[in-house]
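Here's the structure we're looking at; comments come further down.
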Amino acid sequence: MPKIVDHEKQREKLAQAAWRVIRRDGMERASVRNIAAEAGLSVGSMRHYFSTQSELLAFSMKLVSDKVKERVRNISLTGRLVEDILSLLYELLPLDEERSAEMEVWVAFTAKALADPALQSLSREVSEDMRRGILKLIQSLIRHEPACSGLNPELEAERLYALIDGLAIHGVMQPERLTPEWIRSVVIHHVQSLCR
């Protein structure tokens, strides 16, 4: 009887192999050949799942984004707005091994997207989703009134987005300086500065 292969699971297995290669060897070594070897497949077998390297990288990039979104959806909210906002923001930052790995891969994908048109639209889409989500957090602070009066929601969302993005990049690039505790402290300080 022929072996039944779960196509989607194989695609995820290849995406995770791509993440490992990128983390260990860098994006420039994330060739179809190296990813296939990491996944324990032949290059020919990979063609059943992805027709191009860009298609594989786009799928891998989207899988990172989907994992973060899934964690955000599964957060148990407490009903304490500032605490809940902090919990949501922490999911976007390299505060443990899993989130650090995702951030490392995301930073590599984002850099690759500058030169690969196949990745650019996905990179923009994910960035816009993140910015919109942060805007909703700022609007919640304003609507439920713990926010300082007169806050410009668009400006504050852009500022918080830049802070989170910068902390994520620096946390990946300089983990010995930007420890998880320090990152949390910076985020707490910023969110509290928006409140009365």
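At position 19 of the sequence shown the residue is numbered 26 (my numbering), and the sequence of numbers has no breaks.
Idealized CB from N, CA, C, for every residue including glycine.
(1) Three Cβ pairs or more, each shorter than 8 Å: is that satisfied between the region 81 to 89 and the region 147 to 161?
(2) Assuming residue 118 contacts residue 34 under a Cβ cut-off of 8 Å, what Cβ separation, rounded to an integer in Å, is found between them?
(3) Determine the burial state of residue 139: buried for a count of at least 16 other Cβ atoms within 10 Å of its Cβ, exposed for fewer.
(4) DSSP beta-bridge partners for residue 154?
(5) Give, in chain order, every unbroken run of the beta strand (DSSP E) that is at least 3 residues long and sits entirely within the region 51 to 93.
(6) Taking the CB atoms as reference points, tell me whether residue 129 and residue 76 lie closer together than 8 Å.
(7) Helix, strand or coil, according to DSSP, for residue 17 in the structure here?
(8) Under 8 Å by Cβ, that's how I've got residue 141 and residue 158 pegged, so tell me the actual separation to the nearest angstrom.
(9) Got a sec? Which residues, its chain only, sit under 8 Å from residue 123 by beta carbon, not counting five neighbours each side?
(10) Identify whether residue 49 lies in helix, strand or coil by the three-state DSSP scheme.
(11) Please identify the residue among 31, 57 and 114 whose C-alpha is closest to the C-alpha of residue 21.
(12) Relative to the C-alpha of residue 173, which candidate in 183, 202, 136 and 100 has its C-alpha closest?
(13) In whole angstroms, what separates the C-alpha of residue 162 from that of residue 95?
(14) So the candidates are 186, 114 and 103; which of them puts its Cα closest to the Cα of residue 67?
(15) Select from 49, 97, 36 and 164 the residue whose C-alpha is nearest the C-alpha of residue 201.
The answer reads as follows:
(1) Enough Cβ pairs lie closer than 8 Å, so yes.
(2) Yes, residue 118 and residue 34 are in contact; Cβ-Cβ is about 7 Å, under 8 Å.
(3) Exposed is the call here.
(4) In the DSSP assignment, the residues bridged to residue 154 are 202.
(5) Residue ranges of uninterrupted beta strand (DSSP E) with 3 or more members are absent from the region 51 to 93; none lies entirely inside it.
(6) A distance of 8 Å or more separates the beta carbons of residue 129 and residue 76.
(7) Here residue 17 sits in helix by DSSP.
(8) Contact check for residue 141 and residue 158: beta-carbon distance about 13 Å, past the 8 Å limit, so the pair fails to qualify.
(9) For residue 123, where only same-chain residues beyond five positions count, the Cβ hits under 8 Å are 61 and 64.
(10) In the structure shown, the three-state DSSP call for residue 49 is coil.
(11) Minimum Cα distance to residue 21 is reached at 57.
(12) The candidate whose alpha carbon is nearest that of residue 173 is 100.
(13) Approximately 19 Å, taken between the alpha carbons.
(14) From the listed residues 186, 114 and 103, the smallest Cα separation to residue 67 is found for 114.
(15) In terms of Cα proximity to residue 201, the closest of 49, 97, 36 and 164 is 164.
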